[in-house]
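For the sequence shown, the working numbering begins at 2 and goes up steadily by one.
Ideal Cβ positions, reconstructed from N, Cα and C, are used throughout, including at glycine.
All figures in this text were calculated on a predicted structure; none of them were measured in a lab.
The structure appears below as structure tokens.
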Amino acid sequence: MNWNAAAYQNRHSYVWQHGESLLELLKPQAGERILDLGCGPGQLTEQIAASGAAVIGLDSDPAMIAQAQTNYPDITFQVGDAANFQLSEPVDAVFSNAALHWVTQAEPAAHCIAAALKLGGRFIVEFGGKGNVQTILKALSEVSRRSLNPWYFPSLSEYATLLESAGLEVVYAHLFDRPMPLGEAGLAGWLEMFGQRFFTDLSAEAWAETVRAVEAAAPQLYQEKEWIADYRRLRVIAMKPDEELL
Ligand code: BEZ
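Right, here's the structure in full:
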């Protein structure tokens, strides 16, 4: 996936600002080893490091990793695929914010996560759940006349079952709405950052026309002079059991 890492960092800071509440569930401790999976430009990785934990940031996009390394030169960042990675040493926790909806190979990803954890380790994750950005997707599909959902937005039970089949024990799961104000970038900025990559065959004019048509097809997302994306989050805590459960 090719990202404009600088634009992502500058115009979509709400991504990691919301991730800060997920850090409260992680409760990183000094001396722990933690993997930040899908770390993006590294803002949350840095907050984990500030707790005194040894953290590694992994992201599949080289531009994101380059940006993260520039932002935080003292932290270890690596390019790696969430569905195909191995760590040299297991970790106490795998943390992942707003990343796993990009990983459509969810089953191998769950196995890699389970394998990366120590016995008794924890997986703290939040990403788009079933119904996420449904209004945007419907408008985009209508306007482009193609059925479009390139992301992985599982239901709570689907994801819990997947994690269990990878050997993890789900101890908390919550699917909830989080209407997301899109600020100055608006819906056009969101579409440019996250949607345009699926329309590489369109000229700049045709893309601009598509954006206008999507805006017209989703007026309910424009509220009090601001575009609000219909985000739904799936938040899960899963543990790798100390011993095999009967
Ligand atoms: C999300 O954070 O929910 C999201 C971001 C980009 C594309 C799709 C979903």
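Between the CA atoms of residue j and residue i - distance to the nearest angstrom
i: GLY32; j: LEU118; result: 15 Å
i: LEU192; j: GLU216; result: 10 Å
i: GLN251; j: ALA207; result: This structure cannot speak to residue 251, because the chain is shown only from 2 to 247.
i: LEU176; j: SER156; result: 8 Å
i: GLY121; j: PRO242; result: 5 Å
i: ALA174; j: TYR160; result: 9 Å
i: ILE238; j: ALA167; result: 14 Å
i: TYR223; j: GLU21; result: 26 Å
The beta strand (DSSP E) enclosing residue i, as first and last residue numbers
i: VAL56; result: 55–60
i: GLY184; result: Element bounds for GLY184: n/a, residue is neither H nor E.
Residues that residue i bridges to, as DSSP identifies them
i: ASP178; result: ARG233
i: THR77; result: ILE57
i: ASP37; result: GLY58 and PHE96
i: GLU127; result: ASN98 and ARG236
i: ASN85; result: ASP82
i: TRP228; result: TYR223
i: GLU170; result: MET240
i: LEU118; result: VAL92
CB-CB length for residue i against residue j, believed under 8 Å
i: PRO180; j: TYR232; result: 7 Å
Segment limits, alpha helix (DSSP H) that includes residue i
i: VAL104; result: Neither: VAL104 is in no alpha helix (DSSP H) and is coded neither H nor E.
i: THR201; result: Premise fails: THR201 is in no alpha helix (DSSP H) and is neither H nor E.
i: ALA31; result: Counting along the chain, ALA31 falls outside any alpha helix (DSSP H), and DSSP gives it neither H nor E.
Could you check whether the region 36–52 touches the region 99–110, counting it as contact only if at least three pairs of C-beta atoms, one from each stretch, sit closer than 8 Å?
The region 36–52 vs the region 99–110: in contact.
Three or more beta-carbon pairs under 8 Å between the region 135–144 and the region 103–117, yes or no?
No, the region 135–144 is not in contact with the region 103–117.
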